[in-house]
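**Q** I'd like to ask you about the structure that follows.
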Amino acid sequence: MTHSLHRSGDIESQKKDFNWFMYQTKGVNDVGIKPKALAFIAAAEAVGSENWGDVKTGPITRFSSEEIRDNISDKSRIRGVFTRREQVIEFLKNIKEQALGQSVVITGVLSEVLPACQAAGVTPHSINYSLGVWGKKDLLPDEVTLSITTMCGHHMIPPKFVKHVMQQVGADRMTPEEGAAKLSNFCYCGIFNQVRCAEIIKDNIETL
Amino acid sequence: MARINPDNCVGCKICMTYCTVDAIHHDGKKCYINQEECTECYVCLRQHVCPRNAIEAVELDGFYKQFQHVMSDPVENHGVTGVTGRGTEEVKTNDVSGRVKKGEVGICIDMGRPGLGVYLRDAEKVAMACAQAGLQLASATHTPLGALMPDLSTGKLIDECHDSHLLSVIIEGKCPESNLSNVIAALQNVETEIDTVFSLGLILRVDANGNNQALKCLDTLGVPMPYRGKVNVGLGIPLSLD
């Protein structure tokens, strides 16, 4: 799955949007992963990961940290969000030092991610480059809606619900942060950047 | 399978706001799910959106319905690959698995993304175009769509699955870097023949600075250079050096 790769929207906004991942390889290091998963979570929390989760339970915007940790199994996928390059650097330094042996992936704007790798002393092995959207693009929702829905790459966020939240915020029935948290709950993986989402809502409530 | 129990539905239309592909409709009195459009993503069920609990899960009847659900609901693990989401490994464990080696390019075509969904007949068109251009399509061991593709050299899917509507499915394969231009050109042609969208990813081994010269062919083809990437930072053990 490439659920973090194809985010859209203003590039400056995307520069404040990183995803971190721990991955196990089938048949190599996919048994007894819980201690390593807990080490990744601790490293991410130490630098203030704004959202994280496990697809088997859900994100911390909806479930407690303890509940997510307790439910970790070998089928889990642990991942989350950073909003600053400095967090990525410190996280990578920490994980490298622990030599946990799991695959680590950072997704984001390359002009931010690659310098972060260099600063952390890690060497990129492979990159999945996004070449964007092809085909009947006129069928897609508007750009603002897409900039929010693509933060859940599995597309669990219905475009009509984005409009609904925008309208609620516009009518002062909820704050942008409350709206972003509601949208975040649709993304079971914990890779939705609710901080960026709140900014997008603030910047666009007049236009939708 | 998700359905709306007409005995409980009061026709309030709340659920329509929560459908990822607009498959919930209103007949003037009550809401119903168009089963041909529904992708079985289960968002309407998991979010408990109906105040009258009218939305129900009914047992998925048959292989294609189950395939549709597993592909559309990221909570499910795919039975063969063991991977959640859309069930593929792509770049995320390449530092250990070494699936895409130096001199090769992995192609990752997320059919139906972002958010439109895909009928498998359109996935077949794209897969066949890529196979014709020399892409070696991934087998069912690596990617779920391979299970519906009896002959990987053609990319043709079994006929019975054509009308299945999925939230997304990934066509995955690889080719020598020297053949990347042919595959991209094939995608430029076939993108006009489908009734949906796809998001395209290129997986490459990179140098210490995160570069690969194979991307230069994109300029010739009029494709903008990528600015986003999913970077495998090479901390997996044992590290594949190929």
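For the record, the sequence lines run as chains Z and F. All residue numbers for the first sequence refer to my numbering, where the first residue is 1 and numbers rise by one. All residue numbers for the second sequence refer to my numbering, where the first residue is 209 and numbers rise by one. Each residue gets a CB set at the ideal place from its N, CA and C atoms; glycine is no exception. From a predicted model like this one, the values you see are computed outputs, not experimental measurements.
#1: Verify whether the separation of the beta carbon atoms of residue 228 (chain F) and residue 155 (chain Z) is less than 7 Å.
#2: Could you tell me the alpha carbon to alpha carbon distance between residue 405 (chain F) and residue 364 (chain F), rounded to whole angstroms?
#3: Of all the options F:264, F:243, F:249 and F:257, which has the alpha carbon lying nearest to the alpha carbon of residue 213 (chain F)?
#4: Would you call residue 137 (chain Z) buried or exposed, if buried means 16 or more other Cβ atoms sit within 10 Å of its Cβ?
#5: Tell me, please, which residues DSSP counts as bridged to residue 344 (chain F).
#6: Does any residue of chain Z bring its CB to less than 7 Å from the CB of residue 250 (chain F)?
#7: Check whether chain F comes within 7 Å of residue 61 (chain Z), counting only Cβ atoms and requiring the distance to be less than that.
#8: What residues of chain Z sit near residue 403 (chain F), judged by a beta carbon separation below 9 Å?
#9: Within 8 Å, do at least three Cβ pairs link the segment 169-180 of chain Z to the segment 429-439 of chain F?
#10: Whose C-beta lies closer than 8 Å to the C-beta of residue 408 (chain F) among residues of the same chain, with five residues either side of it excluded?
#11: With DSSP run on the structure shown, which of helix, strand or coil describes residue 433 (chain F)?
#12: For a cutoff of 7 Å on Cβ pairs, would you count residue 165 (chain Z) as touching chain F?
#13: Can you find a C-beta in chain Z that's less than 7 Å from the C-beta of residue 394 (chain F)?
#14: Let me make sure I understand the geometry here. Which of F:236, F:242 and F:401 has the alpha-carbon closest to that of residue 372 (chain F)?
#15: Can you name the residues of chain F whose CB is closer than 8 Å to the CB of residue 11 (chain Z)?
#16: Looking at the structure shown, is residue 289 (chain F) part of a helix, part of a strand, or coil, going by DSSP?
#17: DSSP three-state call for residue 22 (chain Z): helix, strand or coil?
#18: Any beta-carbon of chain Z closer than 7 Å to the one on residue 293 (chain F)?
#19: Could you spell out where the alpha helix (DSSP H) holding residue 147 (chain Z) opens and where it closes?
#20: Let me see if you follow: with CB-CB separation under 7 Å, is residue 17 (chain Z) close to chain F or not?
#21: Here's the rule I'm using: 16 or more other beta-carbon atoms within 10 Å means buried, otherwise exposed. How should residue 22 (chain Z) be labelled?
#22: With a cut-off of 7 Å, does the C-beta of residue 101 (chain Z) fall near any C-beta of chain F?
#23: Compare the Cα-Cα distances from residue 247 (chain F) to each of F:215, F:375 and F:432 and report the closest residue.
#24: Residue 218 (chain F): buried (16+ other C-beta within 10 angstroms of its C-beta) or exposed?
#25: I'd like the span of the beta strand (DSSP E) that includes residue 232 (chain F), first residue to last.
#26: How long is the line joining the alpha carbons of residue 288 (chain F) and residue 348 (chain F), rounded to whole angstroms?
#27: Can you have a look at residue 357 (chain F) and say buried or exposed, based on whether 16 or more other CB atoms are within 10 angstroms of its CB?
#28: Quick one: using the 10 Å Cβ neighbour count with 16 as the cut-off for buried, is residue 140 (chain Z) buried or exposed?
**A** With the given structure in hand:
#1: Contact flag set, yes.
#2: 19 Å
#3: F:264
#4: Flag for residue 137 (chain Z) reads exposed.
#5: F:382
#6: no
#7: no
#8: 135, 136 and 139
#9: no
#10: 315, 316, 317, 318 and 395
#11: coil
#12: no
#13: no
#14: F:242
#15: 435
#16: Its pLDDT being 47, under 50, residue 289 (chain F) is placed unreliably by the model, and the measurement read from it follows with that caveat. Three-state result, residue 289 (chain F): coil.
#17: Shown here, residue 22 (chain Z) sits in a strand according to DSSP, grouped into three states.
#18: Caution applies to residue 293 (chain F), whose pLDDT of 49 falls short of 50 and renders its modelled position unreliable; the value that the coordinates give is listed next. Closer than 7 Å: yes.
#19: 143-149
#20: no
#21: buried
#22: yes
#23: F:375
#24: exposed
#25: 232-234
#26: Confidence at residue 288 (chain F) is low in this model, with a pLDDT of 48, below 50, so its placement is unreliable and the value that follows should be read with caution. Using only the alpha carbons, I get a separation of about 7 Å.
#27: Counting the other Cβ atoms within 10 Å of the Cβ of residue 357 (chain F) gives 16 or more, which makes it buried.
#28: buried
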